[in-house]
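Sequences listed follow chains X and V, in order.
Residue numbering for the first sequence follows numbering that gives the first Met the number 0, starting at 0 and increasing by one per position.
Residue numbering for the second sequence follows numbering that gives the first Met the number 0, starting at 0 and increasing by one per position.
One structure below.
2 protein chains.
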Amino acid sequence: MTLTELRYIVALAQEGNFSRAAERCSVSQPTLSVAIARLEDELGVQLFERGKGFVSPSDVERQVVLQAQHALDEAEKVRQIAQRGRDQLEGVLRLGIIHTIGPYLLPQLIHSLKAVAPGMPLAIEENMTANLADMLRDNDLDVVIVALPFDLPGVLTRPLYDESFKVVVPLGHPWESKTAIAPEDVAGDEVLLLKAGNCFRDQVLGACPQVSSPETDIRLGHSIGTIRCMVASGLGVSVLPEGALQHPYSNDLIRVLPFVEPAPSRRIALAWRSGFVRPKAIEALLEAVRRLEVPAYRLLV
Amino acid sequence: MTLTELRYIVALAQEGNFSRAAERCSVSQPTLSVAIARLEDELGVQLFERGKGFVSPSDVERQVVLQAQHALDEAEKVRQIAQRGRDQLEGVLRLGIIHTIGPYLLPQLIHSLKAVAPGMPLAIEENMTANLADMLRDNDLDVVIVALPFDLPGVLTRPLYDESFKVVVPLGHPWESKTAIAPEDVAGDEVLLLKAGNCFRDQVLGACPQVSSPETDIRLGHSIGTIRCMVASGLGVSVLPEGALQHPYSNDLIRVLPFVEPAPSRRIALAWRSGFVRPKAIEALLEAVRRLEVPAYRLLV
DNA sequence: TAGCTGCTATAGTTATTCCCTATAGTGGCA
DNA sequence: TGCCACTATAGGGAATAACTATAGCAGCTA
């Protein structure tokens, strides 16, 4: 049984005449005749009465023709759904992003993306790098935004921007009058860190070798927002990515100080499976990043 | 797009691996690979990510695969419905029958048919010969039971039985003591006839040439039952087919007299379109007639 | 009843499609 | 670098599906 044969029986049932049905199907009369005979043979039922001017199916035959029409309709829907999917910028894009970027980049990125690809909403998964990597590999995500390095087999990356680290201290802190801090000066257990697993924690530890990293310490934040509050409360100092310190976040209760040049930074990148079927969606995301109205980032795209 | 291709993408989506999917479809891996590529090309959408160990469709691809499954299901239903129709003795048989036979033959015929083809109920259309002929031609009926002659292009007939005509008179009628009536004796306007259009009326007129047939006459019955009542009421005499005079119809108020041999009779036959797709249903009907427990009929099958 | 008409089936041929085997290409991994 | 797992490509052969031409059949008409 083929879709062509089903088309034939539907046409024949409607036309009631082999020749006209064949013409409608753009085939010769013998072609249709043979095809009908073949299908009847396969199904074991004679679907059409031959002879005279009418060939109207009855009872079971009518049902078969009706069902054939249903099958053809369903097949056509396959085509329609595929058609809808032809535009790679249509449909949800599943984006994973790390905690230390999400809240600060996404509001602007989503706004920007809406201009580039209005038909492509983002389904956001905020998580830690390791989990995002798993989800990307397992096709639970289409694309992720993480900090480099991010080496996974079969995954391509593209740098988006570099993000400097900044020192944050409470108002009235001795460093308040300094113009720049050296990474080595950030030391001791007054430095507030994110909990283990967050990549930014490791990035800070890498940038400021003097920072101690006790495994269990109340001085561990759940998120950058928590850290900021802890600093404002005078619990210590910290290092945060510049993205988290931009407008519209209020820095009234803390003092933000730059590192001495070259300031430590991290490189934020887009990553996706090399075989991802919607490359244009990647392009759209890159374009959305390009159009970000955030001068602080040193864009790389 | 072919059903085979749809089967392929469903298998591939489930197996997540070209080789295994191919094996499941009983084709070689290149065959499936090419078929998928061809379908993707036709639909204009890349449905599957290639590479690594997983090939799980996402979003639009998932929908396409789901819809493909629906289409395959519908196609399978075509096969099932056809399967149901394979047994020609399954499903309603649309039977037309003339008024002067229906009420007398059908009760027994239906009973008999139930033994021969329990899965084939009859949809009864009781009408006059001309209308039955139209309905048979237009495929509104599958088969009809009428009196011969019944010549229609493309229609085959098979005699079932011969049915003698009988004279019926009211109790106390002068003919009551006669053993047999000659057709010529049935004459005058005391003879009750069916209304015009009923074939039996014409058969009586043909058998008894002396009967007058005024076009408008109150002595016209709607049915044989009516005629019988009119005779019982003393309104006249009539000629009826023997089938209408059998058990369980009470003949207490009338006297039934035979014609002198050879008694006039009519030949009852089955008729169907020569191309009718359920020849076995015809055979079953014939067999049901054969098994009728009515010794009065001179069966011809 | 012969011939015509309208319809479907069959025969024979050609063209296409489909599927197979063999092998190349690719990326991950040890 | 070589191996492994996987998919794509090439080339040939078999099956299928198409076409044209024509036969066969039934009904209709002269």
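Backbone N, C-alpha and C define an ideal beta-carbon position, used for all residues, glycine too.
Look at the region 32 to 48 of chain X: the residues with a C-beta under 8 Å from a C-beta of chain V are L42, G43, V44, Q45, L46, F47, E48. Residue state for G84(X) is assigned as helix, using DSSP reduced to three classes. For G224(X), there is no enclosing beta strand (DSSP E); the enclosing alpha helix (DSSP H) covers residues 223 to 231. Here the C-alpha atom of T30(V) lies approximately 15 Å from the C-alpha atom of V9(V). Within the same chain, L151 come within 6 Å of A132(X) by CB-CB distance, once the 5 residues on both sides are set aside. Residues of chain X whose Cβ lies closer than 9 Å to the Cβ of L5(V) are, in chain order, L2, A74, V77. Contact of I80(V) with chain X is assigned, a C-beta pair being separated by under 8 Å.
Within the DSSP secondary-structure output, I253(X) pairs in a beta bridge with P169(X). The secondary-structure analysis by DSSP pairs G95(V) across a beta bridge with E124(V), V143(V). In terms of Cβ geometry, L92(X) and R78(V) do not form a close pair [threshold 8 Å]. Annotation: Cβ neighbours of H69(X) in chain V (cutoff 7 Å, chain order): E73. Per DSSP, the beta-bridge partners of G220(V) are L193(V).
Per DSSP, P208(X) is not a residue of any alpha helix (DSSP H), being assigned neither H nor E. In this structure, A21(V) sits near S27(V), with a CB-CB distance shorter than 8 Å.
A distance below 7 Å between beta-carbons, with the five flanking residues on each side excluded, links E89(X) to the following residues of its chain, in chain order: R83, G118, M119. Scanning Y296(V), H172(V), V33(V), A280(V) for the CA closest to the CA of L121(V) turns up A280(V).
Closer than 8 Å to the CB of V63(X) there is at least one CB belonging to chain V.
At a cut-off of 8 Å between C-beta atoms, Q66(X) counts as an interface residue with respect to chain V. For a Cβ distance threshold of 8 Å, nothing in chain X lies close to V255(V): the least Cβ distance comes to about 41 Å. The residues L11, Q28, L31, S32, I35, V54, in chain order, have a CB closer than 8 Å to that of F17(X) in the same chain once the five nearest residues on each side in sequence are set aside. In summary, L170(X) is exposed, with fewer than 16 beta-carbon neighbours lying within 10 Å of its beta-carbon over all protein chains present. When 8 Å is used as the limit between beta carbons, G15(X) is near no residue of chain V, the shortest such separation being about 10 Å. Closest in C-alpha terms to V288(V), from the list I80(V), I97(V), I109(V), D40(V), comes I109(V). Annotation for C24(V): R6, Y7, A10, L31 place their beta carbon closer than 7 Å to its own, counting only its chain and skipping 5 residues before and after.
Rounded to whole angstroms, the gap between the alpha carbons of S111(X) and L284(X) is 9 Å. Assignment of alpha helix (DSSP H) within the region 1 to 77 of chain V, counting only whole runs of 4 or more residues, yields 2 to 14, 17 to 23, 28 to 42 in chain order. Distance from the Cα of L299(X) is smallest, within the candidate group V276(X), L269(X), S273(X), G274(X), for L269(X). S237(V) carries a strand assignment under DSSP once its states are collapsed to helix, strand and coil. For R83(X), the closest Cβ of chain V is nearer than 8 Å. Rounded to whole angstroms, the gap between the alpha carbons of Y296(X) and L193(X) is 22 Å. At the C-beta level, I267(X) and I144(X) come within 8 Å of one another.
Contact of R266(V) with chain X is not assigned, every C-beta pair being separated by 8 Å or more. Residues of chain V whose Cβ lies closer than 8 Å to the Cβ of G95(X) do not exist; the shortest such Cβ separation is about 14 Å. The bridge partners DSSP lists for P158(V) are A268(V). At least one CB atom of chain V sits nearer than 8 Å to the CB of V276(X). Annotated as proximal: V203(V) and F164(V), with beta-carbon spacing under 8 Å.
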